[in-house]
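One line per chain: the protein sequences are L and Z, in this order. Offset between the first sequence (1-based) and our numbering: plus 1. Offset between the second sequence (1-based) and our numbering: plus 1. Heads up, the beta-carbon is just placed ideally off N, CA and C, and yes, glycines get one too. The next block holds one structure in the form of structure tokens; read it before the comments.
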Amino acid sequence: GAVVSQHPSRVICKSGTSVKIECRSLDFQATTMFWYRQFPKQSLMLMATSNEGSKATYEQGVEKDKFLINHASLTLSTLTVTSAHPEDSSFYICSAGVGMETQYFGPGTRLLVL
Amino acid sequence: DAKTTQPNSMESNEEEPVHLPCNHSTISGTDYIHWYRQLPSQGPEYVIHGLTSNVNNRMASLAIAEDRKSSTLILHRATLRDAAVYYCILSLSSGSARQLTFGSGTQLTVLP
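Written as structure tokens, this is what we have:
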């Protein structure tokens, strides 16, 4: 099946710093990628939809200036958490659409902001 | 998006079949039924999807009711590695990748 990777797998940073998370589709091209956030013992919450070559579409309540998304190529989307604070600590997961019906998910990035 | 309802948790014995139910009474004619599962500290994994007919793949089978208001994911022989949260999701196929809205899912525990 299709493979999606994320880097880094986990990151610890100080409050106020910015963190970039990469999402790559390794064996296919993805015009659309999605970013999710998951807090402990909760389900995944969609943050934004990332389209190659255009601006991302953010879900209600997600600050676009805080969570910067760039989808510069058909195999790479990045999520930058700017000025991270402890409440941003979470499990961030990306996915890429394959065809029209199936999404493949990355392994996730665990962010801890101290 | 139409909503799905799943039991919070289920238990199964190892090497026995597991039937995970999902109700989606407000499903529309063009909604696909997707199943994903998530192991602890991992991203979700695609399991199976279907529209009207029952579907089989190497991981599982999907049985869809004739009125499409419910479906059942069938794991034919549960293993300890099948312990995960299973999500039943409806998604409209609209010509481009469609976002998925995750509910709370069913936590499957497999007993040795």
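Simplified DSSP assignment, three categories, for residue i
{"i": "Arg59 of chain Z", "result": "coil"}
{"i": "Arg99 of chain Z", "result": "coil"}
{"i": "Asp32 of chain Z", "result": "strand"}
{"i": "Arg38 of chain L", "result": "strand"}
{"i": "Arg82 of chain Z", "result": "helix"}
{"i": "Pro22 of chain Z", "result": "strand"}
{"i": "Glu46 of chain Z", "result": "strand"}
{"i": "Glu12 of chain Z", "result": "strand"}
{"i": "Glu88 of chain L", "result": "helix"}
{"i": "Arg11 of chain L", "result": "strand"}
{"i": "Phe29 of chain L", "result": "coil"}
{"i": "Glu23 of chain L", "result": "strand"}
{"i": "Leu52 of chain Z", "result": "coil"}
{"i": "Thr27 of chain Z", "result": "coil"}
{"i": "Leu91 of chain Z", "result": "strand"}
Buried/exposed call for residue i, threshold 16 Cβ in 10 Å
{"i": "Arg99 of chain Z", "result": "buried"}
{"i": "Leu74 of chain Z", "result": "buried"}
{"i": "Phe198 of chain L", "result": "A query on residue 198 of chain L cannot be resolved here, the shown segment of chain L reaching from 2 to 115 and no further."}
{"i": "Ser95 of chain Z", "result": "Note that Ser95 of chain Z scores 49 on pLDDT, short of 50, meaning its location in the model is unreliable; the coordinates nonetheless yield the value given after this. Its Cβ having fewer than 16 others within 10 Å, Ser95 of chain Z is exposed."}
{"i": "Asp28 of chain L", "result": "exposed"}
{"i": "Ala85 of chain L", "result": "buried"}
{"i": "Val4 of chain L", "result": "exposed"}
{"i": "His77 of chain Z", "result": "exposed"}
{"i": "Ser30 of chain L", "result": "The residue you asked about is not Ser; residue 30 of chain L is Gln in the sequence shown. Exposed is the call here."}
Amino acids of chain L, ordered along the chain, whose beta-carbon sits closer than 8 Å to that of residue i
{"i": "Leu109 of chain Z", "result": "Per Cβ cutoff of 8 Å: no residues; Leu109 of chain Z is ~15 Å from chain L at best."}
Contact list for residue i against chain L, beta-carbon separation under 7 Å
{"i": "Gly44 of chain Z", "result": "Ile94, Phe106, Gly107, Pro108, Gly109"}
{"i": "Gly106 of chain Z", "result": "Ser44"}
{"i": "Tyr87 of chain Z", "result": "Simply none; closest approach about 12 Å."}
Chain Z contact residues for residue i, given Cβ-Cβ distances below 9 Å
{"i": "Leu47 of chain L", "result": "Gln100, Leu101, Thr102, Phe103"}
Neighbour list for residue i in chain Z, Cβ cutoff strictly below 8 Å
{"i": "Ser26 of chain L", "result": "Within chain Z, no residue comes near Ser26 of chain L; the closest Cβ sits about 11 Å away, beyond 8 Å."}
Bridge-paired residues (DSSP) for residue i
{"i": "Ser96 of chain L", "result": "L:Phe35, L:Phe106"}
{"i": "Met46 of chain L", "result": "L:Arg38"}
{"i": "Leu113 of chain L", "result": "L:Ile13"}
{"i": "Ala64 of chain Z", "result": "Z:Thr73"}
Amino acids of chain Z, ordered along the chain, whose beta-carbon sits closer than 7 Å to that of residue i
{"i": "Thr79 of chain L", "result": "Those within 7 Å of Thr79 of chain L in chain Z number zero; the least Cβ separation is about 17 Å."}
Subject >> the segment 103-112 of chain L in contact with the segment 42-57 of chain Z per 3-pair CB rule at 8 Å >> reply: yes
Original post:
Is there contact between the segment 63-71 of chain L and the segment 6-21 of chain Z, where contact requires at least three CB pairs shorter than 8 Å?
Top reply: No, the segment 63-71 of chain L does not touch the segment 6-21 of chain Z.
Original post:
Counting pairs of Cβ atoms below 8 Å between the segment 61-72 of chain Z and the segment 74-86 of chain L, do you hit three or more?
Top reply: Cβ pair count under 8 Å is below three, so no.
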